[in-house]
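Taking it in order: structure first as structure tokens, then the write-up.
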Amino acid sequence: MARGLDIAVLGAGSWGTAIAVHLALLGHEVSLWGRSEAQRNQLKQDRENQKYLPGLKFPDLLKIQDCPKETVKTSGLVVFAVPSHALRETLREMAPALPHVPVVNLAKGLEEHSLNRMLEVVFQELNRGGVSLVGPSHAEEVALHHPTALVATGIHQHEVTLVQEAFTGNAMRVYTNADTVGVELAVAMKNVIALAAGVSAGLGFGDNTLGSLITRGLAENTRLGVMLGAQAKTFFGLAGVGDLVTTCCSRHSRNRRIGEAIGKGHSLEDSLQALGMVAEGVRTTAAAKELADRLGVEMPIVNEVHAVLFEGKDPSAAIESLMSRQLKAEAL
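Those letters in the sequence shown? Residues -13 to 318, by our numbering.
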């Protein structure tokens, strides 16, 4: 196993913090950076992230850094733990200082307007490949050392293997998957279905509805992925059904919580403000709808989530629209 690396983690939200602590506990020298000076000062003083993961103490090998460009220059691995909408800006900002070492993306989403996957953004900004490390994982449970399995994907196998070895420990097992398109699309699209699952819960529906949304959502996501060149089997692995079930069912899921608030009658704006954190599925819904329309892929759940979020459709009417569609045989 790769141990004792100098690793920079850029982004001190819940996921960046949990990953930084995990890596430090594995014996890596970890530098954690957050964009806010006030946040960095708090992290230095308290040696924990009270806002996102209170009670998770920082190991001695985890240091808080104020100068990320200086930090990445000497790092053997650079981890970008920023939301999908901030990845391009952060890459562009760090590019002049980045050494030619593996770059790891943790974001799960599609970039609005460009409709790019995260590793496409990495390539466009750095003119080289990267590795996405994703799968069924909540920061709160990684912080508690609950057994977690993730999947690493990228175009350079030696970098993917390095990430696999660097992140794997007693409480985290990393698999690899060469289907970069499928892995990145699966973890992005599950957030849209999780919004639908939350809306269903907010309307008072139970497990029958949830099971139907997960299953038919998986079919939609697979259709879109295959159209874009992904392998269908990827959507039945960790990045696909694993992350989909976790995100749709968990109390930790930000996207489910947003959907649930909307199902109870709250506006999208108020729901996001109350959450106080990024819910990737909102932006991904807009990108997924545009992508599906462009490719002519039938995605009724995505269409209804989009209608509720951005077109003012009543959540109950959206469920009714799904239930009154033309009858057909079950198929992907």
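Beta carbons are placed, not taken as given, at the ideal position from N, Cα and C, and that holds for glycine.
If distances are taken between C-alpha atoms only, which option among the options comes closest to residue i?
i, options, result
"Ala81", "Glu111, Leu48, Ala172, Leu(-4)", "Glu111"
"His8", "Glu126, Asn289, Asn91", "Glu126"
"Asp(-8)", "Gly(-1), Arg114, Arg103, Gly13", "Gly13"
"His99", "Thr271, Ser310, Met309, Ala304", "Thr271"
"Ala10", "Ala216, Asp32, Lys49, Thr147", "Lys49"
"Asp279", "Ser118, Ala172, Asp46, Leu101", "Leu101"
"Ala293", "Gly282, Val283, Ser307, Glu284", "Ser307"
"Leu47", "Lys30, Pro40, Cys53, Leu39", "Lys30"
"Glu266", "Asp32, Val167, Gln36, Leu171", "Leu171"
"Leu230", "Leu181, Gln143, Ala6", "Leu181"
"Thr166", "Ser123, Gly140, Gly228", "Gly140"
"Ala260", "Arg269, Val268, Lys275, Arg243", "Arg243"
"His71", "Gly(-3), Leu204, Leu295, Lys314", "Gly(-3)"
"Lys299", "Leu254, Arg78, Asn35, Ser17", "Leu254"
"Ser17", "Gly(-1), Val64, Glu23", "Val64"
"Arg103", "Thr233, Leu313, Arg269", "Arg269"
"Met309", "Asn194, Met175, Glu79, Val227", "Asn194"
"Gly228", "Phe296, His144, Leu136, Gln143", "Leu136"
Tell me which residues share the same chain as residue i and place their Cβ nearer than 8 Å to its Cβ, disregarding the 5 neighbours each side in the sequence.
i, result
"Gly(-10)", "Gly13, His14, Glu15"
"Arg74", "Glu97, Val107, Gln110, Glu111"
"His131", "Asn156, Ala157"
"Arg311", "Pro286"
"Leu281", "Leu210, Met213, Leu214"
"Thr201", "none"
"Gln36", "Gln28"
"Ala304", "Val185, Glu290, Val291, Ala293, Val294"
"Ala24", "none"
"Phe191", "Ile305"
Can you give the beta carbon distance from residue i to residue j, rounded, assuming they're within the 8 Å contact cut?
i, j, result
"Ala169", "Asn163", "In the sequence under discussion, the amino acid at residue 169 is Val, which differs from the Ala named in the question. So it is a contact: roughly 5 Å between Cβ atoms."
"Asn207", "Phe221", "6 Å"
"Leu92", "Phe66", "7 Å"
"Gly184", "Asn241", "7 Å"
"Met(-13)", "Thr134", "That belief does not hold up - the Cβ atoms of Met(-13) and Thr134 are roughly 16 Å apart, past 8 Å."
"Val89", "Gly62", "In fact, because the Cβ distance is near 11 Å, the residues do not count as touching under 8 Å."
"Pro69", "Val291", "About 19 Å; that fails the 8 Å criterion."
Determine whether the beta carbon atoms of residue i and residue j lie at a separation below 8 Å.
i, j, result
"Pro327", "Ile248", "The question about residue 327 has no answer here: the residues shown for the chain are numbered -13 through 318."
"Thr57", "Ala(-6)", "yes"
"Leu318", "Arg209", "yes"
"Gly121", "Leu105", "no"
"Ile179", "Leu196", "no"
"His124", "Ser236", "yes"
"Gln51", "Trp19", "yes"
"Lys250", "Gly188", "yes"
"Phe44", "Arg33", "yes"
"Val173", "Ala205", "no"
"Lys275", "Val288", "yes"
For residue i, which residues from the same chain have a beta carbon less than 6 Å from its beta carbon, with the 5 sequence-adjacent residues on both sides left out?
i, result
"Lys55", "Ala83"
"Ala273", "Leu96, Glu98, Leu101"
"Gln217", "Asp165, Gly168"
"Gly245", "Leu181, Gly184, Val185"
"Ala138", "Val117, Leu119, Val146, Val149, Gln150, Val160, Thr162"
"Ala129", "Ala4, Leu39, Leu42"
"His142", "Gly115"
Quick one: what's got a C-beta closer than 7 Å to residue i's C-beta in the same chain, skipping five residues either side?
i, result
"Thr60", "Asp(-8)"
"Leu148", "Ala(-12), Pro88"
"Cys53", "none"
"Thr233", "Lys176, Asn177, Ala180, Ser239, Asn241, Arg242"
"His252", "none"
Note to self: At 4 residues or longer, what runs of the alpha helix (DSSP H) sit wholly inside the segment 31 to 116?
What the structure shows: 54 to 59, 70 to 80, 104 to 112
Segments of 3+ residues assigned as beta strand (DSSP E) that fall wholly inside the segment 137 to 207: With a minimum length of 3 residues, the continuous beta strand (DSSP E) runs that stay inside the segment 137 to 207 are 158 to 162.
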